[in-house]
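Single-structure report; data block below.
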Ligand code: UDP
Ligand code: MG
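In the working numbering, the protein residues as written are -5 to 130.
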């Protein structure tokens, strides 16, 4: 069944810094995700804190917000059939140590915090997260 969705993807500072942006973009394109919009930005710690608010009670929250705001990131709207789940599959497990072969985090992730990409995890969050970075 066809279910065209949009999802938010972020190429995190560790991957932008290592010039992996084009490689990661091509990986999405070659796996049936269209890049509908893309921009390179540098968020403040306050913006990162707002973006990751769902994690505010987690022990890693402060470090996560510092990290996302530590350097340029690339935010993208990806579109395709089942885009939310497909993107999560292409990303791989949160901890690169546990990520499946031929996933972004397996190939490029450094550690559980420097895991190269973010992807929305539900339709609701995809909508919220796209709106957060692309306020049309
Ligand atoms: N994270 C971390 N330590 C942990 C769990 C998560 O630093 O023990 C970071 C990691 O960068 C992850 C982000 O917090 O990508 C959000 O966590 P989530 O559980 O939502 O993982 P994701 O959806 O990114 O796979
Ligand atoms: Mg998540």
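Note that the Cβ used here is the ideal one computed from N, Cα and C, for glycine as well.
Of the heavy atoms belonging to the ligand UDP, at least one sits nearer than 8 Å to the Cβ of residue 46. Distances between the C-beta of residue 107 and the heavy atoms of the ligand MG are all 8 Å or more.
Within the same chain, 39, 42, 43 and 46 come within 7 Å of residue 59 by CB-CB distance, once the 5 residues on both sides are set aside. If you compare the alpha carbons of 73, 0, 48 and 99 with that of residue 14, the shortest gap goes to 99. Within the DSSP bridge table, the entry for residue 73 names 0 and 28 as partners.
The three-state secondary structure of residue 106, taken from DSSP, is coil. In this structure, residue 29 places its C-beta atom within 9 Å of the C-beta atom of residue 70. Contact check for residue 62 against residue 5 fails: the beta carbons are separated by 9 Å or more. Between the alpha carbons of residue 101 and residue 129 lies a gap of roughly 32 Å. Per DSSP, residue 10 is one residue of the alpha helix (DSSP H) stretching across 7 to 11.
The three-state secondary structure of residue 111, taken from DSSP, is strand. Leaving aside the five residues that flank residue 115 on each side, the residues in its chain whose CB is nearer than 8 Å to its CB run, in chain order, 78 and 82. Going by DSSP, residue 62 is part of the alpha helix (DSSP H) stretching over 55 to 62. Here DSSP, grouped into helix, strand and coil, assigns residue 34 to strand.
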